[in-house]
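Enquirer: A single structure is presented below for examination.
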Amino acid sequence: MEAEKELKENIHPSKVKKRVVDLTEGSIWKKLIIFAFPIMCSNLLQQLYNTVDSLVVGRFVGHTALAAVGATGSLTSLIIGFFMGMGTGSGVVISQYYGAKDHKNLEKSVHTAMAVALIFGVVLGVIGVIISPFLLELMNTPDDVLDQAVVYLRIYFGGVITLTVYNIGSGILRAVGDSKRPLYYLVVSGIANVFFNLLFVCVFHMGVAGVAWGTILSQLLSCILVIGNLVRCKDSYQLQIRRIRIEKEIFWRIAKIGLPAGVQSMVISLSNIVIQSKVNIFGSVAMAGYSAANRIDGFVYMPLNALSLAMTTFTAQNLGARKMERAKHGTRTAIIMGLIAIIATGWTAVLCARPLVSLFSSEENVISYGIRTITGLGGGYFLFTFNDILAGVIRGAGNATVPMIISIFNMCIVRILWLTILLPIWQDFNLVLICYPLTWGLSSLCYVIYYKKGHWLKHWQEEVHYIKEKQTK
Numbered sequence: 004m005e006a007e008k009e010l011k012e013n014i015h016p017s018k019v020k021k022r023v024v025d026l027t028e029g030s031i032w033k034k035l036i037i038f039a040f041p042i043m044c045s046n047l048l049q050q051l052y053n054t055v056d057s058l059v060v061g062r063f064v065g066h067t068a069l070a071a072v073g074a075t076g077s078l079t080s081l082i083i084g085f086f087m088g089m090g091t092g093s094g095v096v097i098s099q100y101y102g103a104k105d106h107k108n109l110e111k112s113v114h115t116a117m118a119v120a121l122i123f124g125v126v127l128g129v130i131g132v133i134i135s136p137f138l139l140e141l142m143n144t145p146d147d148v149l150d151q152a153v154v155y156l157r158i159y160f161g162g163v164i165t166l167t168v169y170n171i172g173s174g175i176l177r178a179v180g181d182s183k184r185p186l187y188y189l190v191v192s193g194i195a196n197v198f199f200n201l202l203f204v205c206v207f208h209m210g211v212a213g214v215a216w217g218t219i220l221s222q223l224l225s226c227i228l229v230i231g232n233l234v235r236c237k238d239s240y241q242l243q244i245r246r247i248r249i250e251k252e253i254f255w256r257i258a259k260i261g262l263p264a265g266v267q268s269m270v271i272s273l274s275n276i277v278i279q280s281k282v283n284i285f286g287s288v289a290m291a292g293y294s295a296a297n298r299i300d301g302f303v304y305m306p307l308n309a310l311s312l313a314m315t316t317f318t319a320q321n322l323g324a325r326k327m328e329r330a331k332h333g334t335r336t337a338i339i340m341g342l343i344a345i346i347a348t349g350w351t352a353v354l355c356a357r358p359l360v361s362l363f364s365s366e367e368n369v370i371s372y373g374i375r376t377i378t379g380l381g382g383g384y385f386l387f388t389f390n391d392i393l394a395g396v397i398r399g400a401g402n403a404t405v406p407m408i409i410s411i412f413n414m415c416i417v418r419i420l421w422l423t424i425l426l427p428i429w430q431d432f433n434l435v436l437i438c439y440p441l442t443w444g445l446s447s448l449c450y451v452i453y454y455k456k457g458h459w460l461k462h463w464q465e466e467v468h469y470i471k472e473k474q475t476k
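Each residue of the sequence shown is one higher than the one before, starting from 4 at the first, in the numbering used here.
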């Protein structure tokens, strides 16, 4: 009786809007599409930030400016990756409380997550501005690219708090089943990004500094929009500025998932930095082609990434509602959907590689490197499907340690060994590209074995038992 009374006190009426998708009821594939499509569109617009940067500098400044912007991509991912992992932890915890209708802890989770966003945004910004030159030199960035890359990276890190706050804010909305409003905000900021970039580069002739400032200002706009919405909403996840603080118990729940996820993101980014440093050996032309291809590759990956993020929320909500079989059924459905989507986008990119790369540069050598990169990556993405979908499921069950271990081994250790051992013997650009599908396949195999053994669900059941024991005491 006491337990029932406590549960009722934690649950209070919430104004459920049509924009919020309840992933615990209804047709699984329809709900996944409804929920994942806005996420994919949001990712599309976020990818447009860097793509527009590359398009503008590549066309209106030159290939060294394009290489400079491209050289910073892996570094920004490395530094921000840790925080993004904490964002994943926040989303899982919020989704689980939302699925369980535990509004009291849901409110605490929202304010703790926002406090983490503010603290990490300031810390990452300061550290990033200070160490930018050192990191770029460590990556063997060519002299003709280095100065411009430092300018871009320092401006980007100076405004990185707008990105951390926006991502936590939009993550809160996605965690409760609302993936539409983050999309609307990114539409506005995406248009602003194009405007600012063209204004600063074509009118004020600011070069890479112009596209950096354009990106920061547009991110600031999306940040203001999402925070404004959370403050104005009347639901149980409303953000109240005066209540932003770290609740110790909630923070440790977030950290238990977020820290391993953050380490995983950083490990993948670290391996990409190693790969970028190997690409840099081939000169600024190869860097420009590789950078252009990576922008295109980001669009290819979007449907799969959206499904992975959707499965994290789907799994967390359904396990929170004690619907284990629905969570398993959703996993099978998402894998099929992911394979169809990634094969379609991957081979479309391969077949249209030349016109796509030509959007970034008219130099034939740059285009040649871009085509080689797209062919090496886009055609093999189907190998990554099991990796991304199952990683999302396992995180949704509250276990981010296993994805971290699998990523460290396959995405970092195997890649670094491959390049360190073979590239000095055969200095061939294709060797750099082969390491991607090789490690995607190995990683997917590891996830399938772990999932089939059922350890992910056992971990969730142990976590639930622990929480119940703690509440009883």
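Idealized CB from N, CA, C, for every residue including glycine. It should be emphasised that the depicted structure is a prediction, and the values quoted were computed from it without experimental measurement.
Exposed or buried, what is L420 when buried is set at 16 or more other beta-carbons lying within 10 Å of its beta-carbon?
Expert: By one-based count along the sequence shown, residue 420 stands at place 417. When all chains shown are included, L420 counts as exposed.
Enquirer: Please work out which residues of its chain come closer than 6 Å, Cβ to Cβ, to Y450, disregarding the five sequence neighbours upstream and downstream, and give them in chain order.
Expert: Counting from one through the sequence shown, the residue named residue 450 turns up at place 447. Around Y450: F389, N390 and L393.
Enquirer: Can you look up G457 in the DSSP assignment and give me helix, strand or coil?
Expert: Position 454 of the sequence shown, counted from the first residue, corresponds to residue 457. It is coil, neither helix nor strand.
Enquirer: What is the rounded straight-line gap between the Cα of K34 and the Cα of V282?
Expert: Here residue 34 refers to the residue found at position 31 when the sequence shown is read from its first residue. Here residue 282 refers to the residue found at position 279 when the sequence shown is read from its first residue. In a straight line, the C-alpha of K34 is about 41 Å away from that of V282.
Enquirer: What is the rounded straight-line gap between the Cα of T27 and the Cα of R329?
Expert: On the sequence shown, position 24 is the one that residue 27 refers to. On the sequence shown, position 326 is the one that residue 329 refers to. Each residue's Cα considered, the two are about 8 Å apart.
Enquirer: Hey, M378 and V353: beta-carbon distance below 8 Å or not?
Expert: Position 375 of the sequence shown, counting from 1, holds the residue named residue 378. Position 350 of the sequence shown, counting from 1, holds the residue named residue 353. For the record, residue 378 in the displayed sequence is Thr; it is not Met. Contact flag set, yes.
Enquirer: I believe F123 touches F86 by the beta-carbon criterion, under 8 Å. Please report the beta-carbon distance rounded to the nearest angstrom.
Expert: Mapped onto the sequence shown, residue 123 falls at position 120. Mapped onto the sequence shown, residue 86 falls at position 83. About 5 Å; that satisfies the 8 Å criterion.
Enquirer: Tell me the residue span of the alpha helix (DSSP H) that contains S173.
Expert: Taking the sequence shown and counting its residues from 1, one reaches residue 173 at position 170. V163 to A178 is the span of the alpha helix (DSSP H), which, as asked, contains S173.
Enquirer: Taking R184 as the reference, which of F317, G301, V211 and C44 has the closest Cα?
Expert: Along the sequence shown, read from residue 1 onward, the residue named residue 184 stands at position 181. Just measuring C-alpha positions, the residue of F317, G301, V211 and C44 sitting nearest R184 is C44.
Enquirer: Among the candidates L342, I194 and Y169, whose CA atom is the shortest distance from the CA of L48?
Expert: In the sequence shown, residue 48 corresponds to position 45, counting from 1. When each option's Cα is compared against that of L48, the closest is I194.
Enquirer: Please report the residue range of the alpha helix (DSSP H) in which A120 lies.
Expert: Walking along the sequence shown from the start, residue 120 turns up at place 117. Here the alpha helix (DSSP H) through A120 covers H106 to L141.
Enquirer: Looking at the secondary structure, which residues open and close the alpha helix (DSSP H) in which E328 lies?
Expert: Here residue 328 corresponds to residue number 325 of the sequence shown, with the count starting at 1. E328 -> alpha helix (DSSP H) spans M327 to L354.
Enquirer: What did DSSP end up calling T475 once you bin it into helix, strand or coil?
Expert: For the purposes of this step, residue 475 is taken as residue 472 along the sequence shown, with counting starting at 1. Bear in mind that a pLDDT of 49 at T475, under 50, signals an unreliable position, so the number given afterwards is only what the model happens to contain. Three-state result, T475: helix.
Enquirer: Thinking C-alpha only, which one of F302, M327, Y454 and Y169 is nearest G381?
Expert: On the sequence shown, residue 381 is found 378 positions in, with the first residue counted as 1. If we check each option's Cα against that of G381, F302 comes out closest.
Enquirer: Three or more beta-carbon pairs under 8 Å between the stretch 107-125 and the stretch 245-253, yes or no?
Expert: yes
Enquirer: Taking one C-beta from the stretch 355-363 and one from the stretch 401-413 each time, how about it: are there three or more such pairs within less than 8 Å?
Expert: no
Enquirer: Quick one: what's got a C-beta closer than 7 Å to S364's C-beta in the same chain, skipping five residues either side?
Expert: Position 361 of the sequence shown, counted from the start, is the residue given in the question as residue 364. Excluding residues within five positions, the ones whose Cβ falls inside 7 Å are G61, H66, L69, A291, A295 and I370.
Enquirer: Less than 8 Å between the beta carbons of N170 and V55, yes or no?
Expert: The residue you call residue 170 lines up with position 167 of the sequence shown. The residue you call residue 55 lines up with position 52 of the sequence shown. Not in contact: N170 and V55 (Cβ atoms no closer than 8 Å).
Enquirer: Using DSSP with H/G/I as helix, E/B as strand and the rest coil, what is T27?
Expert: Numbered from its first residue, the sequence shown carries residue 27 at position 24. T27: coil per DSSP, three-state reduction.
Enquirer: Is it true that the stretch 173-193 meets the stretch 224-232, where meeting means three or more beta-carbon pairs spaced less than 8 Å apart?
Expert: The stretch 173-193 is in contact with the stretch 224-232.
Enquirer: Quick check on this structure: which residue in T167, C355, L109 and S135 has the alpha carbon closest to the alpha carbon of L121?
Expert: For the purposes of this step, residue 121 is taken as residue 118 along the sequence shown, with counting starting at 1. Closest option to L121, judged by alpha-carbon separation, among T167, C355, L109 and S135: T167.
Enquirer: What's the C-alpha gap between D150 and Y188?
Expert: Sequence index remark: in the sequence shown, residue 150 carries index 147 (1-based). Sequence index remark: in the sequence shown, residue 188 carries index 185 (1-based). Straight-line Cα distance between these residues: approximately 33 Å.
Enquirer: Is the number of C-beta pairs between the stretch 265-282 and the stretch 203-221 that are closer than 8 Å three or more?
Expert: no
Enquirer: Just to check my reading of the structure: S446 and M414 have Cβ atoms closer than 8 Å, yes? What is that Cβ distance to the nearest angstrom?
Expert: Position 443 of the sequence shown holds residue 446. Position 411 of the sequence shown holds residue 414. S446 to M414, Cβ: 7 Å. Contact.
Enquirer: Ordered along the chain, which non-local residues of its own chain (more than five positions away) have a Cβ less than 7 Å from that of D147?
Expert: Indexing the sequence shown from 1 puts residue 147 at position 144. For D147, where only same-chain residues beyond five positions count, the Cβ hits under 7 Å are T67 and S287.
Enquirer: Going by CA-CA distance only, name the one from L186, T351, T165 and K107 that's closest to C226.
Expert: By one-based count along the sequence shown, residue 226 stands at place 223. Comparing Cα positions, the closest option is T165.
Enquirer: Pick helix, strand or coil for F363, following the three-state DSSP scheme.
Expert: In the sequence shown, counting from the first residue as 1, residue 363 sits at position 360. In this structure, F363 counts as coil in the three-state DSSP scheme.
Enquirer: Would you kindly work out how many angstroms separate the C-alpha atoms of K104 and T318, rounded to a whole number?
Expert: Working through the sequence shown from its first residue, we reach residue 104 at position 101. Working through the sequence shown from its first residue, we reach residue 318 at position 315. The alpha-carbon atoms of K104 and T318 are separated by roughly 15 Å.
Enquirer: Mapping the DSSP letters down to three states, classify P427 as helix, strand or coil.
Expert: Locating residue 427 in the sequence shown gives position 424, counting from the first residue. In this structure, P427 counts as coil in the three-state DSSP scheme.
Enquirer: Just to confirm before moving on: does the CB-CB distance between Y384 and Y304 stay below 8 Å?
Expert: In the sequence shown, the residue the question calls residue 384 occupies position 381. In the sequence shown, the residue the question calls residue 304 occupies position 301. Result yes, Cβ atoms of Y384 and Y304 sit closer than 8 Å.
Enquirer: DSSP on L186, reduced to helix/strand/coil?
Expert: Sequence index remark: in the sequence shown, residue 186 carries index 183 (1-based). Correct three-state label for L186: helix.
Enquirer: With a cut-off of 8 Å on the beta carbons, I'd call L156 and L223 a contact; round off their distance for me.
Expert: As a working note, residue 156 is residue 153 in the sequence shown. As a working note, residue 223 is residue 220 in the sequence shown. About 18 Å separates the two Cβ atoms, so there is no contact after all.
Enquirer: Unbroken alpha helix (DSSP H) runs of length 4 or more, entirely within the stretch 385-449: which are they?
Expert: 388-399, 404-410 and 418-425
Enquirer: Going by beta carbon distance, what residues of the same chain come within less than 7 Å of S280, once the five residues before and after it are set aside?
Expert: Counting from one through the sequence shown, the residue named residue 280 turns up at place 277. Closer than 7 Å at the Cβ level, and outside the excluded window around S280, lie M142 and N143.
Enquirer: Quick check on I339: buried or exposed, where buried means 16 or more other Cβ atoms within 10 Å of its Cβ?
Expert: Along the sequence shown, one-based indexing puts residue 339 at 336. I339 should be labelled exposed.
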